[in-house]
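Participant: Sharing a structure with you now.
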Amino acid sequence: MMTAITHRTISTNGIQMHIAEAGRGPLVVLCHGWPESWYSWRHQLTALAEAGFHAVAPDQRGYGQTTAPQEIEKYTQLHLVGDIVGLLDALGEETAVIVGHDWGAPVAWNSALLRPDRFPAVVGMSVPYGPRGDVRPTDGMKAIFGDNFFYILYFQEPGKAEAELEADVRVTMRKLLYSASGNLVPTPEMGQPRPKTAKFLDNMVDPAELPPWLSEADLDFFVGEFQRTGFRGGLNWYRNIDRNWELMGAWRNAKVTVPALFITGEKDPVRGFAPEANIRQHVPNLKDLVLVPGAGHWVQQEAPEAVNEALIRFLRSL
210 MMTAITHRTI STNGIQMHIA EAGRGPLVVL CHGWPESWYS WRHQLTALAE
260 AGFHAVAPDQ RGYGQTTAPQ EIEKYTQLHL VGDIVGLLDA LGEETAVIVG
310 HDWGAPVAWN SALLRPDRFP AVVGMSVPYG PRGDVRPTDG MKAIFGDNFF
360 YILYFQEPGK AEAELEADVR VTMRKLLYSA SGNLVPTPEM GQPRPKTAKF
410 LDNMVDPAEL PPWLSEADLD FFVGEFQRTG FRGGLNWYRN IDRNWELMGA
460 WRNAKVTVPA LFITGEKDPV RGFAPEANIR QHVPNLKDLV LVPGAGHWVQ
510 QEAPEAVNEA LIRFLRSL
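Shown next, in the form of structure tokens:
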């Protein structure tokens, strides 16, 4: 019998947070990315539980059944790390290994950076750790992309991306989940610069059939969540990148020193602008860097067996 995933709501850091959990044992917290939910960890929750761990996957601030504050400034990394510290308190746990994918990865890295007493080990997926640098993030992006489209800059204006993404949530999620996956067959025009007037979904492929790792029921779950909540909460994470940079000034060039693991898909498009080449100098206690063959951005959903094996091996080594 497969271990059951149960659900409850806890109070943390001034919000109500929905969590999915399975198993008993040492705590492992799984932080999802954009635009996702606890459900992104459906394969890991049961595998970790069966390996002897208490796996907990929250809907993070702004997502799913968790509180979504209206104010943009309430989605900084300090809020998001605070939410996970409060999650440990609500569960009566002193420490946890924290795991994060996509936007969940900065939450995981920063949790280990800011509170190594509570998060004595960390796993990042897709987005490697990079310390706070000297250039304001949006200034750096504008210098690189100039008059060309870049999605993070496009996301900065409140309401603009929401209108595009919410026009047809099923098409949005189908295009996005397929186009960032290892199943995409890229065309030459996908690599070409696009004008600033472009939209986020313009260059993405709407597949005739879903990739094998994504069932209609899986798609239904994601679509149902974002039809109910909209995309504003998750987009507000992007709207705090400059504010995060200002708040994290005291951690300029800081290293993450706890034991760490990094996992990424071989075909993850994020590797193009967030390469993992420098991660060892910023994460000196990196135990392994796992490149999953054939997988794209949704690595823990596309290749659950490979990810679970690497995760459990790392957890048992601690």
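The opening residue of the sequence shown carries number 210 in the working numbering; numbering runs sequentially from there.
All C-beta atoms in this analysis are idealised placements derived from N, C-alpha and C, irrespective of residue type, glycine included.
Predicted, not measured: the structure shown is a model, and the values here were computed from it.
1) Looking only at its chain, what residues have a beta carbon closer than 6 Å to the beta carbon of K408, apart from the 5 residues adjacent to it on each side?
2) List the residues that DSSP assigns as beta-bridge partners of M413.
3) Please work out which residues of its chain come closer than 6 Å, Cβ to Cβ, to F435, disregarding the five sequence neighbours upstream and downstream, and give them in chain order.
4) Helix, strand or coil for E434, going by three-state DSSP, please let me know.
5) Hey, how far is the Cα of T215 from the Cα of P420?
6) Does the beta-carbon of W312 have 16 or more other beta-carbons within 10 angstroms, so that it is buried, or is it exposed?
7) With F471 as the anchor, note down where its beta strand (DSSP E) starts and where it stops.
8) E455 lies in the alpha helix (DSSP H); which residues open and close that run?
9) What is the rounded straight-line gap between the Cα of I224 and the Cα of P397?
10) Counting Cβ pairs closer than 8 Å, one from the region 324–340 and one from the region 457–467, do we hit at least three?
11) Between which two residues does the alpha helix (DSSP H) harbouring P315 extend?
12) Please report how far the alpha carbon of I415 lies from the alpha carbon of S390, in whole angstroms.
13) Could you say which of H263, V501, A256 lies nearest to V306 if we only look at CA atoms?
14) Could you name the residues that DSSP lists as bridge partners for Q225?
15) Looking only at its chain, what residues have a beta carbon closer than 6 Å to the beta carbon of Y260, apart from the 5 residues adjacent to it on each side?
16) What does the alpha-carbon distance come out to for the pair E375 and L527?
17) Could you tell me the alpha carbon to alpha carbon distance between W454 and P346, rounded to whole angstroms?
18) Going residue by residue through the region 348–429, where are the continuous alpha helix (DSSP H) segments of at least 4 residues, counting only ones entirely within it?
19) If distances are taken between C-alpha atoms only, which option among I472, I293, D427 comes closest to Y338?
20) How would you write the range of the alpha helix (DSSP H) that D477 sits in, first residue to last?
21) Relative to the C-alpha of A277, which residue among H227, L300, L236, P235 is closest?
22) For the beta strand (DSSP E) containing L236, name the first residue and the last one.
23) Is it the case that the region 425–444 contacts the region 241–258, given that we only count it when at least three CB pairs across the two stretches are under 8 Å?
24) Would P422 and W318 qualify as a contact pair, given that the criterion is a beta-carbon distance under 9 Å?
25) If you drop the 5 nearest sequence neighbours on each side, which residues of the same chain put their C-beta closer than 7 Å to that of V336?
26) Count the other CB atoms, across all protein chains shown, that sit within 10 Å of the CB of S424; report buried if there are 16 or more and exposed otherwise.
Facilitator: Well, looking at it:
1) Indexing the sequence shown from 1 puts residue 408 at position 199. Here the set comprises E373.
2) The residue given as residue 413 occupies position 204 in the sequence shown. Per DSSP, none; premise fails for M413.
3) Here residue 435 refers to the residue found at position 226 of the sequence shown. Same-chain partners within the cutoff: V378.
4) Position 225 of the sequence shown holds residue 434. Three-state DSSP puts E434 in a helix.
5) As a first step, residue 215 must be located in the sequence shown, where it is residue number 6. As a first step, residue 420 must be located in the sequence shown, where it is residue number 211. For T215 and P420, the gap between their C-alpha atoms comes out near 27 Å.
6) Working through the sequence shown from its first residue, we reach residue 312 at position 103. Buried, by the Cβ-count rule.
7) Here residue 471 corresponds to residue number 262 of the sequence shown, with the count starting at 1. Run containing F471: 469–474, per the beta strand (DSSP E) assignment.
8) By one-based count along the sequence shown, residue 455 stands at place 246. Run containing E455: 450–456, per the alpha helix (DSSP H) assignment.
9) As a first step, residue 224 is located in the sequence shown; it is residue number 15 there, counting from the start. As a first step, residue 397 is located in the sequence shown; it is residue number 188 there, counting from the start. Those two C-alpha atoms are separated by around 45 Å.
10) yes
11) Taking the sequence shown and counting its residues from 1, one reaches residue 315 at position 106. That run of the alpha helix (DSSP H) goes 313–323.
12) Position 206 of the sequence shown, counted from the start, is the residue given in the question as residue 415. Position 181 of the sequence shown, counted from the start, is the residue given in the question as residue 390. The question names Ile, yet the displayed sequence has Asp at residue 415. When rounded, the distance between both Cα atoms is 12 Å.
13) As a first step, residue 306 is located in the sequence shown; it is residue number 97 there, counting from the start. Looking at the Cα atoms, H263 is the closest of the given residues.
14) Here residue 225 refers to the residue found at position 16 of the sequence shown. S220.
15) Taking the first residue of the sequence shown as position 1, residue 260 is located at position 51. Going by the sequence as given, residue 260 is Ala instead of Tyr. Excluding residues up to 5 positions away in sequence, I521 lie with their Cβ nearer than 6 Å to the Cβ of A260 in the same chain.
16) The residue you call residue 375 lines up with position 166 of the sequence shown. The residue you call residue 527 lines up with position 318 of the sequence shown. Taking the straight line from one Cα to the other gives about 43 Å.
17) Start at 1 with the first residue of the sequence shown, and residue 454 comes out as number 245. Start at 1 with the first residue of the sequence shown, and residue 346 comes out as number 137. If I take the Cα positions, the gap works out to 7 Å.
18) 360–363, 369–375, 378–388
19) Mapped onto the sequence shown, residue 338 falls at position 129. With distances taken between Cα atoms, Y338 lies closest to I472.
20) Residue mapping note: residue 477 aligns to position 268 of the sequence shown, counting from 1. It is not in any alpha helix (DSSP H) - D477 carries neither H nor E in the DSSP assignment.
21) Residue 277 sits at position 68 when you count from the first residue of the sequence shown. With distances taken between Cα atoms, A277 lies closest to H227.
22) For the purposes of this step, residue 236 is taken as residue 27 along the sequence shown, with counting starting at 1. Where L236 is concerned, the enclosing beta strand (DSSP E) starts and stops at 236–240.
23) Touching, per the Cβ criterion.
24) Taking the first residue of the sequence shown as 1, we reach residue 422 at position 213. Taking the first residue of the sequence shown as 1, we reach residue 318 at position 109. Position check: residue 422 holds Trp in this sequence, whereas Pro was assumed. Contact: no.
25) As a working note, residue 336 is residue 127 in the sequence shown. For V336, where only same-chain residues beyond five positions count, the Cβ hits under 7 Å are D311, A314, P315, V479, A483.
26) As a position in the sequence shown, residue 424 is number 215, starting the count at 1. It is exposed - the Cβ of S424 has fewer than 16 other Cβ atoms within 10 Å.
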